[in-house]
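Colleague:
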Amino acid sequence: MNSVAPSVLLCLALLLCGITDTAAQQYPRHAASVNYSGIVMYGSLAAEYEFIASEQVSLRLGLGGAYGSVVVDNVQAEGATALFSFMSRGRNKVEVGIGFSIMRTNFTMIFDEEEATRDTRMFPALSLAYRYMPAKSGSFFRIGIGWMYGYGLPVTFSYGWVF
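Add 2 to a position in the sequence shown, counting from 1, and you land on the number used in our numbering.
1. So what does DSSP say about Tyr69, is it helix, strand or coil?
2. The beta strand (DSSP E) spanning Tyr29 covers which residue range?
3. Taking the straight line between their C-alpha atoms, what separation do you get for Leu63 and Ser46?
4. Work out the CA separation of Pro126 and Ile147 for me, nearest whole Å.
5. Are Phe143 and Tyr134 touching if we call contact CB-CB under 8 angstroms?
6. Quick one: Cα of Ser1 to Cα of Phe88, how far?
7. Please state whether DSSP places Val42 in a helix, a strand or coil.
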């Protein structure tokens, strides 16, 4: 019976090591990133925090601003975005995000000589993207189409760190 005890202890130790490794990959996880949406003549830039609740659901919160030089002359827009994302499983993910942006805006049209008043508006925030995310911590990226911060369709690109 004495010779069985070391074998049982070894099996328990290996099992616990496996549980610890599995627990390290459990959710929730967090990510910080920089997000750009738009093309050269208009777009938005933001710093974002993401709470990754599970392999398939996350909440992204960001602070950013928009710029533009086509049809709109004097874009002044800054604010916050909240976006719920639904993702496929695995490291290579398809991601669909839906949410809203609350922006303090001042959009002046090119041919409009009157200065627009600054006001707070709510815009939809939408994203459809491919995302690569490591199994543990490390850098990730997202590329796709999106409209956030009241401005910035069609291209979206994010780069950040999962921890």
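Glycine included, each C-beta is placed from N, C-alpha and C at the ideal position. Every value quoted in this text rests on a predicted model; they were computed, and no experiment measured them.
Modeller: Here's the rundown:
1. Looking up residue 69 in the sequence shown gives position 67. Correct three-state label for Tyr69: strand.
2. Counting from one through the sequence shown, the residue named residue 29 turns up at place 27. Segment: none, Tyr29 is in no beta strand (DSSP E) and carries neither H nor E.
3. For the purposes of this step, residue 63 is taken as residue 61 along the sequence shown, with counting starting at 1. For the purposes of this step, residue 46 is taken as residue 44 along the sequence shown, with counting starting at 1. Taking the straight line joining both Cα atoms gives about 15 angstroms.
4. Taking the sequence shown and counting its residues from 1, the one referred to as residue 147 is at position 145. Taking the sequence shown and counting its residues from 1, the one referred to as residue 126 is at position 124. Cα to Cα, Ile147 sits roughly 14 angstroms from Pro126.
5. Position 141 of the sequence shown holds residue 143. Position 132 of the sequence shown holds residue 134. The answer is yes: Cβ separation under 8 angstroms.
6. Past the edges of the chain, shown from 3 to 165, lies residue 1, and the structure says nothing about it.
7. Stepping through the sequence shown from its first residue, residue 42 is reached at position 40. In this structure, Val42 counts as coil in the three-state DSSP scheme.
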